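Each number in our numbering comes from the position in the sequence shown (counting from 1) with 6 added on.
For each residue, glycine too, the CB sits at the ideal point set by N, CA and C.
All values derive from a computational prediction rather than experimental measurement.
Before any comments, here is the structure.
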Amino acid sequence: MNPFFRTILLLFALVFTVKAQINSPQNLTAETVKYQIDGFTKVVVSLNWDESLDENSDPLPVYNIYRYEGSSSNPEEFEMLSSVIWRNSFFDNTVNIGETYSYYVSASDSENESG
7 MNPFFRTILL LFALVFTVKA QINSPQNLTA ETVKYQIDGF TKVVVSLNWD ESLDENSDPL
67 PVYNIYRYEG SSSNPEEFEM LSSVIWRNSF FDNTVNIGET YSYYVSASDS ENESG
């Protein structure tokens with residue numbers, strides 16, 4: 007094999023295997039908000055977190071919200087609930103009064119997602 011061609015292949019492989027590390031959002035808070043509508047009590051969970059920055063200290067555009075019905079800290083048990091773009095907050099209006107929910111939020115760009 008031509009040494010020049012071999013070098014091109016090696017560089018091509020390196021370009022596609024190097025990924026930037028994305029930091030997870032920090033300081034996730036959840037607050038339960040109850041309100042009355044048409045005589046019924048409704049509840050919403052308000053989630054807020056600090057924005058994540060990429061390697062250039064620019065904000066990341068997408069946040070993925072995961073939820074587990076119950077108490078858990080194992081990310082493998084969570085299911086994706088929603089994604090938000092250019093916001094560091096989310097309102098979960100699919101909760102039931104008296105139930106326990108666990109959340110985590112990841113940041114992502116076009117190639118990577120934080121863990």
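- DSSP, read as helix, strand or coil, puts Pro-67 in coil.
- DSSP, read as helix, strand or coil, puts Glu-83 in helix.
- Between Val-111 and Leu-34 a beta carbon distance of about 6 Å is seen, short of the 8 Å cut, so the two are scored as contacting.
- Bridge pairing for Val-49: Lys-40 [DSSP].
- Inter-residue distance for Asp-56 and Asn-99 is about 21 Å (C-alpha atoms, whole angstroms).
- Within the DSSP secondary-structure output, Gln-32 pairs in a beta bridge with Asp-56.
- Annotated three-state conformation of Ser-95 is strand, per DSSP.
- Comparing C-alpha distances from Glu-119 to each of Leu-53, Tyr-72 and Tyr-41 shows the shortest one belongs to Tyr-72.
- With respect to the C-alpha of Val-51, the residue from Ile-91, Glu-105, Pro-65 and Gln-32 having the closest C-alpha is Glu-105.
- Per DSSP, the beta-bridge partners of Val-90 are Tyr-69.
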